[in-house]
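K.L.:
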Amino acid sequence: MSTEFPIGAFQHVATPFYYYDTALLRATLAEIKRATADDAAFHVHYAVKANVNPTLLRLIAEAGFGADCVSGGEVKAAMAAGFPADQIVFAGVGKSDWEIRLGIEAGIHSFNVESMPELAVINDLALRAGRRARVALRINPNVDAHTHANITTGLNENKFGLAMEDMEAAAKEAGSLPGIELVGLHFHIGSQIEDVETFVPLCERINDLQQRLEAAGISLPSLNVGGGLGIDYRNPDEHPVPDFAGYFEVFRRHLHLRPGQSLHFELGRSVVGQCGSLVSRVLYVKEGHQKKFLILDAGFTDLVRPALYQAHHEIENLTSRESRKETYDVVGPICESSDVFAHGLTLPAGHRGDLVALRSAGAYGEVMASSYNCRPLPKGYTTEDLCPDAE
Ligand code: LLP
């Protein structure tokens, strides 16, 4: 099932805006549920950082998923959308005191703790609140995710997590603190991982670590392997739903869960990436001497991934009826030469006013928008907002 754009409804909406196809999101959620149906131990937490549109959050919460948050604001957004507090995990290298207090008072599932000073602060704040905080230690497994350098997190030189050699001492320390209940280990090696075999070394590393901890008398009720499953940015219509079955199978095969132990996943991009597009209008077709430019009313303030990570998003002219093709640099209006969505892209000949979709923009699109150049933030609309009678 690939995205169908309600182009008639688009005509009444100011561009640029994000469009979220809720039928595709529902199909994606159903596939995740199908692929984990036989594993009562598997728990998927949606990585809220990928997209906080309230309708999407509500649909994901209604489907029974937990949430993975990285700020107090995200914890609040998740709870407002209906995610039960005890299914919220809270990660991040720099949690402020108010954020920790919020998590403790809400009774979240666990904090993913990234340093020893953070563990001490959580212990202190939990004791002051008369509670015990559930904690998973984030371990940096030193596994190469083979993805873009800016979104690799599991290598030693990253700021994330505790080093493996410090893990036993950290686990003992956590076990000795009265305000802390150590519930597990947490890992995340990076994002947009296209080859699921990349997760095999992670599983093997975790198996070793578990054995070492058990030898030291420490057993843990849960493991959390983070997120990272990639999406097909080049072929959003052929692969609208990622291969969740293949992904979960890797963990089923390679990770040795103990009886009663739960396994947590924090998936963001793979859940919402393909259901979203940034919809923009062609402002001008500029005929340069060597190139033609399609100048859009969307820029990197609306979708920063191409400028920041050299990311590819398919671009589709939704309204041109031309059979003639032209080759364009597709650019935005921002006063910076990095404001380019595509170089040398062949599309049906474009005209002022054409509607253009930048595909696969449901994850890390709207949430990363900025108001640089005093530009208004783009709005997000779902199928339900634009076509209330559609379903
Ligand atoms: N868990 C942790 C600890 C994370 O740091 C992340 C993403 C996730 C889960 C979710 O990963 P996913 O399933 O979405 O790959 N802005 C970048 C991506 C940054 C990802 C940051 N961490 C982009 O636009 O590609």
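Position 237 of the sequence shown, counted from 1, bears residue number 355 in the working numbering, the numbering being contiguous throughout. A virtual CB, placed ideally from N, CA and C, is assigned to each residue, including glycine.
1) Under a Cβ-count criterion, where at least 16 other Cβ atoms within 10 Å of its own Cβ denotes burial, should D186 be classed as buried or exposed?
2) Just the Cα atoms here: how many angstroms apart are E315 and C393?
3) Between V261 and the rest of its own chain, which residues show a CB-CB distance below 7 angstroms, the 5 nearest in sequence each way excluded?
4) For the beta strand (DSSP E) that A185 lies in, which residues bound it at each end?
5) Using only CA atoms, which one of R370, G391, I349 lies nearest to A158?
6) Where do the ends of the beta strand (DSSP E) carrying L255 lie?
7) Going by the CB atoms, is the gap between K167 and V193 shorter than 7 angstroms?
8) Measure the CB-CB distance between L373 and I125 and report whether it falls below 7 angstroms.
9) Quickly, what does DSSP pair I298 with across the bridge? List them, please.
10) Does the beta-carbon of Y482, which I'm using as the reference point, lie nearer than 6 angstroms to any heavy atom of ligand 1?
11) Measure how close the beta-carbons of S398 and V474 come, nearest whole angstrom, since I'm counting them as under 8 angstroms.
12) Classify L220: buried if its beta carbon has 16 or more other beta carbons within 10 angstroms, exposed otherwise.
13) If we ignore side chains and look at the alpha-carbon of each, how far apart do M486 and D420 end up?
14) Compare the C-beta of D503 against all C-beta atoms of chain C and say whether one is closer than 7 angstroms.
15) Check the DSSP bridge columns for I311 and list the partner residues they point to.
16) Ordered along the chain, which non-local residues of its own chain (more than five positions away) have a Cβ less than 7 angstroms from that of F128?
17) Between the C-alpha atoms of A263 and D313, what's the straight-line distance to the nearest angstrom?
18) Alpha carbons only, please: which of V359, I349, R442, L243 is nearest the one belonging to H431?
19) For I433, tell me which candidate among V131, R442, Y351 has the shortest Cα-Cα distance.
20) Taking Cβ to Cβ, would you say L255 is nearer than 7 angstroms to L327?
21) Alpha carbon to alpha carbon, how far is R376 from S489? Give it in angstroms, no decimals.
22) Would you identify the three-state DSSP class for Y482, choosing helix, strand or coil?
23) Quick one: what's got a C-beta closer than 8 angstroms to S337's C-beta in the same chain, skipping five residues either side?
P.N.:
Judging by the given coordinates:
1) D186 should be labelled buried.
2) Linking E315 to C393 through their CA atoms gives a straight-line distance of about 25 angstroms.
3) G272, I307, P319, L320, R323
4) 184-187
5) Answer by Cα proximity: R370.
6) Where L255 is concerned, the enclosing beta strand (DSSP E) starts and stops at 251-258.
7) no
8) no
9) A251
10) Yes - ligand 1 has a heavy atom lying nearer than 6 angstroms to the Cβ of Y482.
11) 5 angstroms
12) buried
13) 8 angstroms
14) Reference to chain C is not applicable here, since this structure consists of a single protein chain.
15) L347
16) V397, L473
17) 9 angstroms
18) Closest by alpha carbon: I349.
19) Y351
20) no
21) 48 angstroms
22) Three-state DSSP puts Y482 in coil, outside helix and strand.
23) For S337, same chain residues with a beta-carbon under 8 angstroms away, outside a window of 5 residues either side, are L331, R376 in chain order.
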